[in-house]
Every structure is written in C-alpha cells, then in structure tokens.
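Number of protein chains: 2
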Amino acid sequence: MRIGELARRSGVSVRSLRYYEEQGLLTSERSPSGQRHYAEGDVERVLFLQRLYTAGLSSRTIHELLPCVDSPSLENSRAALERMAQEREKLSAHIAELLHTRDLLDAAMAAARRGKECLEEHEAA
Amino acid sequence: MRIGELARRSGVSVRSLRYYEEQGLLTSERSPSGQRHYAEGDVERVLFLQRLYTAGLSSRTIHELLPCVDSPSLENSRAALERMAQEREKLSAHIAELLHTRDLLDAAMAAARRGKECLEEHEAA
DNA sequence: CTTGCCTCTGACATGGATGTGAGGTTTTAG
DNA sequence: CTAAAACCTCACATCCATGTCAGAGGCAAG
Chain A
1 MRIGELARRS GVSVRSLRYY EEQGLLTSER SPSGQRHYAE GDVERVLFLQ RLYTAGLSSR
61 TIHELLPCVD SPSLENSRAA LERMAQEREK LSAHIAELLH TRDLLDAAMA AARRGKECLE
121 EHEAA
Chain B
1 MRIGELARRS GVSVRSLRYY EEQGLLTSER SPSGQRHYAE GDVERVLFLQ RLYTAGLSSR
61 TIHELLPCVD SPSLENSRAA LERMAQEREK LSAHIAELLH TRDLLDAAMA AARRGKECLE
121 EHEAA
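Line by line, the protein sequences give chains A and B.
Under UniProt numbering, think of the first position of the first sequence as 1, with each following residue one higher.
Under UniProt numbering, think of the first position of the second sequence as 1, with each following residue one higher.
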C-alpha cells in the first residue's frame with residue numbers, strides 16, 4: 001500500500017508518516033521510482049506510535065524503546081527493556097497525577113454547583 | 001511575597017509566573033515601584049495551574065474554567081461549569097487511553113523478557 | 001498524449017510554554 | 001553610600017509534531 005492509503009487507514013497525515021520515517025520509527029520499501037510502499041502490519045504499527053505520542057513520549061524516547069518491541073530477543077533490548085520499564089513508571093506516575101487532577105476538578109464542580117443552587121434559591125425568593 | 005519567592009515555593013520559573021499573569025490565570029498586587037506581590041494562597045493556586053497544564057489543558061482552556069473555581073456562585077459560572085464537565089470527560093478519556101497504552105507496554109515488556117530468557121538459555125547451553 | 005491525482009524532496013510556518021538576554025530600576029545587606 | 005541581588009519590560013530563541021507550499025516526477029484513465 002502507498003503512503004496515502006496508510007494515512008487514510010491509520011488516521012495520520014501523510015506528513016506525519018514521513019516524519020515518523022525520518023525519526024526512524026517506521027520504515028518503508030521504495031519502488032524503483034522512489035515511492036514508499038508499506039505492509040498491512042504497518043497500519044497497526046502507526047496506531048501504536050500514535051498511542052505512544054499521545055502518552056507523551058517524544059520521538060527520541062519512542063526510538064529508544066522500539067528495539068525492544070521490534071526484536072524482543074536481541075541483546076540490545078536489555079537496555080531498551082530498562083528504558084521501557086522506566087517509561088512505564090513515568091506513565092504510571094502521570095496517570096496518578098491525572099486521577100488526582102480529575103478529583104480536584106470534581107471538587108471544584110461540586111463547589112460551583114452548590115454555589116449555583118444557593119444563587120438560584122435567592123432568585124426564587 | 002515577591003515573585004522570586006513564589007517561584008521558589010511553587011517550583012515554577014519566574015518567567016512562567018509572569019506568563020500566567022499575562023494569560024489572566026494569576027493576578028498580583030503591584031507595589032508603587034511596580035513589583036508584583038502575592039498572597040500566601042497563590043502558592044497553591046500556582047500548583048493547581050501547573051496541575052492543569054500537566055493534564056494537557058491550554059492557557060485558554062484554563063482561563064475558561066477559572067471563573068468557576070474563583071467565584072463559584074456567580075451566574076457566569078453556568079457556562080464555565082459546562083466547560084469544566086467537558087474537560088473532565090476529555091481527561092477521563094485520556095486517562096483510559098493511557099491505561100491502555102500502559103497495558104501495551106506491559107505486553108511488550110513481557111514478550112521482550114520471554115525473548116531474553118530464551119536467549120539466555122541458549123547462552124547457558 | 002493529456003488530464004488528474006498521487007507521490008517525492010525541501011523548506012518555511014505554526015502554536016504554546018518556556019528559556020534567555022539586554023537595559024534599566026528597586027531593594028537589601030554590608 | 002555602594003555593591004549585589006532581585007525585579008521590571010520587551011523581544012527574540014527554542015523545541016517538537018504538524019501544516020503548508022512550491023516545484024517536479026510518476027502513473028492510470030480517457
């Protein structure tokens with residue numbers, strides 16, 4: 001499949017796909033004329049990359065983790081495995097942060113609602 | 001307290017504090033000579049702002065929520081309350097995403113560990 | 001062959017929070 | 001009084017994923 005189709009099927013812009021390649025996160029076969037061709041599995045790979053970006057990882061960080069994902073049995077994955085565990089911890093911490101933040105929002109909303117009700121009682125009176 | 005102390009106590013750069021003010025998220029009393037002065041409570045406010053930034057909200061979004069937080073009983077908080085509920089939903093969705101991503105990382109790590117063990121058996125043999 | 005769409009490279013633009021530096025005033029400590 | 005440290009404003013720089021545009025080539029259908 002060519003880049004346009006991969007873009008459509010993964011919901012990522014053509015521009016971004018080229019960028020991922022530039023960052024070493026995605027590879028492609030080139031036709032004699034230089035056009036990129038992708039395998040079916042690349043759709044899922046791109047979705048995975050998107051997921052990591054959404055989780056706040058940078059291209060560089062993702063690049064460091066990929067050896068672990070791509071060839072999980074090579075010895076270079078020892079370092080990648082550590083790196084991955086480290087990112088997992090960061091992610092967990094971030095999730096905890098967000099849960100806390102959500103609680104704060106809930107508290108603020110509850111307070112606001114109480115205030116609003118109080119105001120409405122005044123209006124009703 | 002002056003801006004340097006607030007920065008130190010909240011762990012945010014002086015630059016950022018001025019930026020928050022510029023974005024309407026933080027206010028300060030000015031001394032006759034123009035220096036900013038803050039109240040004790042502003043430390044916590046800045047921490048809260050940081051939290052919202054970390055949760056991925058933009059200055060503009062935070063600004064829209066603040067009426068709700070600052071004066072929970074005014075009528076302008078009706079819109080802010082909706083906005084807030086909306087952001088809360090986004091946040092929940094994001095958290096769910098992150099949990100899923102963490103699961104994927106866990107799966108990748110498990111696979112990598114299996115591969116590594118297999119390799120080590122080879123070495124041992 | 002031509003028209004239209006897709007792709008290529010390369011480069012510049014964007015947005016948002018923050019860093020950084022210049023040039024000048026205020027505050028504080030000795 | 002003086003020197004150091006903190007503050008002021010203004011403006012330009014940075015990072016990073018993307019958008020966007022220009023100019024050129026590739027490829028299928030009429």
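The beta-carbon is built from N, C-alpha and C at its ideal position, and this holds for glycine as well.
- What's the gap between the Cα of B/Arg30 and the Cα of B/Ala55? Rounded to the nearest angstrom, the two C-alpha atoms are 31 Å apart.
- Query: To the nearest whole angstrom, what separates the beta carbons of B/Leu49 and B/Leu26, a pair I think is in contact under 8 Å?
  - Reply: 7 Å
- Message: Short of 8 Å Cβ to Cβ, which residues in the stretch 95-108 of chain A face chain B?
- Response: Ile95, Glu97, Leu98, Leu99, His100, Thr101, Arg102, Leu104, Leu105, Asp106 and Ala108
- Message: Can you look up A/Glu21 in the DSSP assignment and give me helix, strand or coil?
- Response: helix
- Query: By a C-beta neighbour count over all protein chains shown, 10 Å radius and 16 as the cutoff for buried, is B/Arg114 buried or exposed?
  - Reply: exposed
- Count the CB pairs spanning the stretch 56-66 of chain B and the stretch 28-42 of chain B that are closer than 8 Å, and state whether there are at least three. These segments do not touch.
- Task: Using only alpha-carbon positions, find the residue among B/Arg78, B/Pro32 and B/Ala7 that is nearest to A/Ala108.
- Result: B/Arg78
- Query: In its own chain, which residues sit with a C-beta less than 7 Å from the C-beta of A/Leu66, not counting the 5 before and 5 after it?
  - Reply: Leu25
- Task: Tell me residue 183 of chain B's beta-bridge partners as DSSP assigns them.
- Result: Absent from the model: residue 183 of chain B. The displayed extent of chain B is 1 to 125, so no value can be given.
- State the start and end residues of the unbroken alpha helix (DSSP H) segment that holds A/Ser28. Looking at the DSSP string, A/Ser28 is not in any alpha helix (DSSP H), and its letter there is neither H nor E.
- By a C-beta neighbour count over all protein chains shown, 10 Å radius and 16 as the cutoff for buried, is B/Leu17 buried or exposed? With 16 or more other Cβ atoms within 10 Å, it is buried.
- Task: For B/Arg2, collect the residues of the same chain with a Cβ closer than 8 Å to its Cβ; drop the 5 residues on either side in sequence, then sort them by chain order.
- Result: Gln35, Arg36, His37 and Tyr38
- Item | For A/Leu66, the first and last residue of its enclosing alpha helix (DSSP H) | Where A/Leu66 is concerned, the enclosing alpha helix (DSSP H) stretches over Ser59 to Asp70.
- Message: With a threshold of 8 Å between beta-carbons, can A/Ala85 be considered close to chain B, or not?
- Response: yes
- Exposed or buried, what is A/Leu98 when buried is set at 16 or more other beta-carbons lying within 10 Å of its beta-carbon? buried
- How would you label B/Arg45, buried or exposed, when you count the other beta carbons within 10 angstroms and need 16 or more for buried? buried
- B/Leu81 beta carbon less than 8 Å from that of A/Ala112: yes
- Message: Please report the distance separating the alpha-carbon of A/His100 from that of A/Glu64.
- Response: 30 Å
- Message: Between B/Ser16 and chain A, is any beta-carbon pair separated by less than 8 Å?
- Response: no
- Given a cut-off of 8 Å, decide if B/Arg102 and A/Leu91 are closer than it, judged by their beta-carbon atoms. yes
- B/Ser92 CB to nearest chain A CB: under 8 Å? yes
- Item | Test: B/Arg45 CB closer than 8 Å to a CB of chain A | no
- Task: Please determine, among B/Glu87, B/Cys68, B/Ala96 and B/Arg9, the residue with the shortest C-alpha to C-alpha distance to B/Val43.
- Result: B/Arg9
- Kindly list the residues whose CB is nearer than 7 Å to the CB of A/Val12, restricted to its own chain and excluding five residues on each side of it in sequence; keep chain order. Correct list, in chain order: Val46 and Gln50.
- Task: Examine chain A for any beta-carbon lying closer than 8 Å to the beta-carbon of B/Ala55, and answer yes or no.
- Result: yes
- Check the Cβ of A/Ala79 against every Cβ in chain B and list those closer than 9 Å, keeping chain order. Simply none; closest approach about 11 Å.
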